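Enquirer:
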Amino acid sequence: MKVRALMDCKGVGYDLKKGDVADLPKGLVTLLIRFGYVEEVKKSKETKVKE
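Right, dumping it as structure tokens:
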């Protein structure tokens, strides 16, 4: 899953600085989100503007 780091965090298999975007295993992501270190990056729905 893609995540964005909310603060600097370092651990086994990852080393993130604030603002970094990384693709991590789902189990690890669930834990990091629970502790408030990262947030999930979701695709934004872009609307096309016709001119």
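Note that this note's numbering gives residue 19 to position 33 of the sequence shown, counting from 1, and the numbers run on in steps of one. We put the CB at the ideal spot given by N, CA and C, even for glycine. Remember, it's a predicted structure, so these values are computed and weren't measured experimentally.
I need the straight-line Cα distance from residue 25 to residue 11, nearest angstrom please.
Expert: Looking up residue 25 in the sequence shown gives position 39. Looking up residue 11 in the sequence shown gives position 25. When rounded, the distance between both Cα atoms is 14 Å.
Enquirer: On the DSSP letters alone, give me the boundaries of the beta strand (DSSP E) that residue -3 sits inside.
Expert: For the purposes of this step, residue -3 is identified with residue 11 of the sequence shown, where counting begins at 1. Note, residue -3: beta strand (DSSP E), -5 to -3.
Enquirer: Exposed or buried, what is residue 27 when buried is set at 16 or more other beta-carbons lying within 10 Å of its beta-carbon?
Expert: Position 41 of the sequence shown, counted from the first residue, corresponds to residue 27. Burial call: exposed.
Enquirer: Name, in chain order, the residues that DSSP records as bridge partners for residue -10.
Expert: Stepping through the sequence shown from its first residue, residue -10 is reached at position 4. Bridge partners of residue -10: 7, 25.
Enquirer: Report yes if the C-beta distance between residue -8 and residue 4 is below 8 Å; otherwise report no.
Expert: The sequence position of residue -8 within the sequence shown is 6, counting from 1. The sequence position of residue 4 within the sequence shown is 18, counting from 1. In contact: residue -8 and residue 4 (Cβ atoms closer than 8 Å).
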